[in-house]
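Its first residue numbered 1, the sequence shown is counted upward by one per residue in the UniProt record's numbering. Where a beta carbon is used, it is the ideal one built from N, C-alpha and C, also for glycine.
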Amino acid sequence: MSDFHPVFWQIHSDLPRQGPGNFEATKQAFSHVKGLPDSPQILDVGCGPGQQTVDLATLSNGNITAVDFYQPYLDELKQRFEAQGWTERLKVVCADMADLPLAAQSFDLIWSEGAIYIMGFDRGLNKWRSLLKPGGYIALSELSWLKPNPPEPVQQFWQEGYPSMRTLEENRAAMETAGYTLVDTFSLPESAWWTDYYTPLENKINQLKIEYEQDSGAMEILEAEQQEIDLYRHYSQYYGYVFYIGQIQEN
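Structure follows, in structure tokens:
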């Protein structure tokens, strides 16, 4: 984490979310997870400050293990659960999602919103599968191409930023190859990008540009963040976050 310029953490602190999403999308994805126990064991991988973790606790009576590599996000999440009186339902783990210290545990549901790209879609599906109980579910959102032949600015930006991004159809096939029965997929609406993520993020970028106007390194990061927002503003029909829900078969 010391390799990041301090402005990066300023940009990505005190936001409602650290990526596209909203309660309605989380609720829609959760509605496809059928037959869970009354108090399911849920693993939220790459939870960030955990708005979706709170949503999961609202939608279920589950006990949630939340994993992130950035301790301040976990501290913020704990405060959110304490405010709801749900402290006993949350366990936080500061760890790398590619090396989860959870070998002795198993879960009814693995959840990950906008985070599996960090270790790769296929690798995450295969590695996390061993943590699911028989008949368990996985639900995750992943940046995906929605339309062929994206314009050159879009293609170039994501070729540099996320070269392994694939189409919705390719990711559906990858889930089945990894041993999951595909339950459903759906694209997040544009409002899920703007309301709790890009709009407050853009406001913060504008404030920080004033503070860091003499810092070329910080300004480069701020401009890159703004470029991502502007790209989605103009080309949202070509790509988006897609929820993928799958289930492993009972033995």
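Sequence-distant residues of its chain with Cβ nearer than 8 Å to residue i (five each side left out)
| i | result |
| --- | --- |
| leucine 131 | Leu43, Leu100, Leu102, Gln105, Ser106, Phe107, Ile110 |
| glutamate 225 | Ile11, Leu201, Ile205 |
| phenylalanine 121 | Glu142, Ser164, Arg166, Asn171, Ala174 |
| leucine 222 | Val7, Ile11, Ile205, Leu208, Lys209, Tyr212 |
| glutamate 76 | Pro49, Gly50 |
| aspartate 196 | Leu15, Pro16, Arg17, Gly21, Asn22, Gln51 |
| methionine 119 | Met97, Ala98, Lys127 |
| leucine 231 | Pro153, Val154, Phe157 |
| tyrosine 73 | Gln18, Cys47, Gly48, Pro49, Gly50 |
| methionine 219 | Lys209, Tyr212, Glu213 |
Whether residue i touches residue j by CB criterion (7 Å)
| i | j | result |
| --- | --- | --- |
| tyrosine 239 | leucine 146 | yes |
| tyrosine 241 | threonine 185 | no |
| asparagine 126 | alanine 173 | no |
| valine 54 | arginine 80 | yes |
| alanine 95 | glycine 46 | no |
| glycine 135 | glutamate 250 | yes |
| alanine 139 | alanine 29 | yes |
Pick from the options that is closest to residue i, judged by C-alpha positions
| i | options | result |
| --- | --- | --- |
| proline 189 | Pro134, Pro49, Thr26, Leu90 | Thr26 |
| proline 20 | Phe30, Gln28, Gln52, Pro37 | Gln52 |
| aspartate 38 | Leu56, Phe23, Ser60 | Ser60 |
| arginine 123 | Leu182, Leu56, Met97 | Met97 |
| tyrosine 70 | Ala29, Trp9, Gln84, Leu15 | Trp9 |
| threonine 58 | Gln84, Pro72, Tyr180 | Gln84 |
| serine 31 | Gln237, Val183, Asp215 | Val183 |
| leucine 168 | Glu160, Tyr180, Pro148, Gln159 | Pro148 |
| proline 151 | His5, Gln237, Leu56, Glu24 | Gln237 |
| threonine 181 | Ser187, Glu82, Arg129 | Arg129 |
Where residue i falls, given that 16 or more other Cβ within 10 Å makes a residue buried
| i | result |
| --- | --- |
| glycine 35 | exposed |
| threonine 65 | buried |
| aspartate 68 | buried |
| arginine 17 | buried |
| proline 153 | exposed |
| tryptophan 194 | buried |
| glutamine 41 | buried |
| glycine 62 | buried |
| arginine 233 | exposed |
Residues near residue i in its chain [Cβ-Cβ closer than 6 Å; skip 5 each side]
| i | result |
| --- | --- |
| tyrosine 137 | Val33, Leu109, Gln247 |
| serine 13 | none |
| tyrosine 198 | Ile229 |
| tryptophan 86 | Ala57 |
Own chain partners of residue i with C-beta closer than 7 Å, once the 5 adjacent residues on each side are dropped
| i | result |
| --- | --- |
| tyrosine 162 | Tyr117, Leu143 |
Whole-angstrom C-beta distance between residue j and residue i, which should lie under 8 Å
| i | j | result |
| --- | --- | --- |
| glutamate 113 | serine 141 | 5 Å |
| lysine 78 | valine 92 | 6 Å |
Residue-chain proximity (residue i, chain D), Cβ-Cβ < 7 Å
| i | result |
| --- | --- |
| tyrosine 239 | Absence of chain D from the displayed structure is noted, only one protein chain being present. |
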